[in-house]
Structure formats: structure tokens, C-alpha cells
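Heads up: the structure comes next, in C-alpha cells.
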Ligand code: SF4
């Protein structure tokens with residue numbers, strides 16, 4: 505039996521209401537500070553330090569999330585926890601998800617999977633949907649683009665599927681970095697081998713670059729242009745042909 509005590513707190517650097525790409529329906533997305541990766545195209549560099557945002561308890565976050573509960577019930581939406589990497593706040597995350605499920609909310613966790621497997625297992629029963637990033641399949645390229653090896657990430661993806669979790673894989677499409685035919689084929693093979701059912705394409709966008717300027721950080725993808733609609737559709741078709749349900753972020 506778990507002993508109830510003081511709830512852990514975590515830094516929340518943003519709360520986005522009325523999100524429509526972070527899981528089904530209308531959702532509130534809560535962004536937690538801190539990440540284990542440093543992706544070249546990261547849209548949330550303010551999360552890198554781990555010290556940005558408000559230090560909040562799960563109950564405080566839930567209270568904000570519940571303000572829009574009417575929208576969740578009419579749209580099939582709910583709570584999404586993102587980051588940064590939300591799974592580095594294991595206790596906080598589990599507590600928040602447990603509270604949300606107690607209120608009957610649908611829960612989604614966005615993760616890059618670069619965490620110990622135990623972190624995933626700790627929250628598994630409280631998560632209705634994982635949105636799980638696959639950034640690059642080649643170990644060397646993955647290290648160069650994110651600062652970490654992909655082995656743990658791929659093992660964790662397989663673990664979730666083995667445990668029966670509902671997983672939507674998110675594939676960022678960053679021209680010149682991970683959208684080549686060879687990498688996309690490796691993604692396809694990986695998804696097929698693990699019996700994945702759904703993939704979400706996340707075309708690169710440039711709207712985040714001002715954040716790097718504000719923070720005085722080098723933006724490694726400053727020169728990258730977004731992929732064309734036709735290029736994104738071609739990738740989508742490749743995955744549809746495989747029998748995957750494909751969603752595309754606007
Ligand atoms: S995993 Fe996500 S939050 Fe972390 S560095 Fe990569 S893109 Fe940014």
C-alpha cells in the first residue's frame with residue numbers, strides 16, 4: 505500500500521489550454537521543465553535548465569486543468585503532460601495522473617523515452633495514451649542530433665507495446681536531418697516489427713526560433729526550411745501503405 509504524504513512538486517513552464525494536437529479532443533497540455541535530451545530542433549529550449557516556470561504541486565496543476573473540464577467531456581479530450589521530459593518527474597507525474605484519473609479525465613503523456621524503464625512502468629496504469637517520439641533510428645545520427653543514444657529509447661518503446669500500452673509514435677520531419685528515405689524506412693520497419701498501430705508526423709516549423717534569440721542560445725536548425733506539404737504527404741502515404749493510422753500535425 506502506498507503511503508500518502510506530501511505531494512512532490514515540479515516546475516511547470518507553460519500550460520496550454522484548448523490544445524488539439526496533443527491527443528484526442530480538446531485538451532490542456534502541461535509542460536514540465538527539464539529534459540534528458542538536447543534535440544537540434546527543440547521548440548522548448550526554455551525547458552533545458554530545469555529551473556524555469558512555476559513550482560507547483562499536482563493538486564494545483566489539476567485545479568487549473570479542471571477549469572476546462574466541460575470541453576473535455578464534450579470533445580473526448582483531457583489532460584496531456586509534456587515537457588521537456590515529463591518522466592524525469594516520476595513522483596509528481598504519477599500523482600498528477602492519478603488525481604486526473606480520479607476525476608475521470610483522459611490522460612496522455614508525451615515522452616522522448618530517454619528515461620529508465622522504471623519511470624514508464626511507474627505511471628503506466630494511469631496513462632491512456634503515450635505520444636512517443638522517434639527522432640532518428642541510426643545511433644550515430646541520433647547522438648549527433650539529440651546528445652543521446654537511441655537504444656534505451658527503442659527498448660522503452662518496445663516495452664510499452666509489450667505491456668499493452670496505447671502508443672502513438674511521433675516522427676518529427678526535419679528536412680536534411682531525419683527525413684531521408686533510409687531513416688524513414690528504418691522507422692517503418694521498427695513500427696512494423698513492434699506491431700505499432702499509429703504514427704503522427706510532426707513537420708518542422710520555424711516559429712520557435714525567437715526563443716533561442718531571447719535565451720542567447722545557438723539555434724542549430726536556424727537554416728532549415730519546413731518540408732513541403734507534398735513531401736509530408738508522401739511520407740504519410742508510405743506509412744498508410746503499411747496499415748498504420750497516420751495523423752499529421754498542422
Ligand atoms: S526531447 Fe523534446 S523537449 Fe527534450 S530536447 Fe528534444 S525536443 Fe526538446
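In our numbering, the protein residues as written are 505 to 754. All residues carry an ideal CB built from backbone N, CA and C; glycine is no exception.
Asked	Found
Proximity test, residue 774 beta-carbon vs ligand 1 heavy atom, cut-off 6 Å	The structure shown has nothing for residue 774, since the chain only spans 505 to 754.
Same chain, Cβ closer than 7 Å to residue 721, neighbours up to 5 away in sequence not counted	549
heavy atom of ligand 1 below 6 Å from residue 723 C-beta	no
Residue 617 CB to nearest heavy atom of ligand 1 below 6 Å	no
At least 3 beta-carbon pairs within less than 8 Å: the segment 564-583 vs the segment 529-542	yes
Cβ neighbour criterion (16 or more within 10 Å) applied to residue 754	exposed
Buried versus exposed, by CB contacts within 10 Å (16 or more), residue 666	exposed
Run of the alpha helix (DSSP H) containing residue 596, from where it starts to where it stops	594-606
Cβ neighbours of residue 688 in the same chain (closer than 7 Å, five flanking residues each side left out)	739, 742
CB contact flag (residue 580, residue 516, <7 Å)	no
Through-space distance from residue 583 to residue 564, alpha-carbon basis	14 Å
Cβ pair residue 675, residue 638 closer than 7 Å	yes
Any non-hydrogen atom of ligand 1 within 6 Å of residue 543 CB	yes
According to DSSP, residues forming a beta bridge with residue 736	DSSP lists no partner for residue 736.
Exposed unless 16 or more other CB atoms sit within 10 angstroms - verdict on residue 635	buried
Residue 612: CB within 6 Å of a non-hydrogen atom of ligand 1	no
DSSP beta-bridge partners of residue 518	535
Local Cβ density within 10 Å of residue 734, reported as buried at 16 or more and exposed below that	exposed
Coil, strand or helix - residue 640 by DSSP	coil
Same chain only: Cβ atoms within 7 Å of residue 521, ignoring 5 sequence neighbours per side	532, 572
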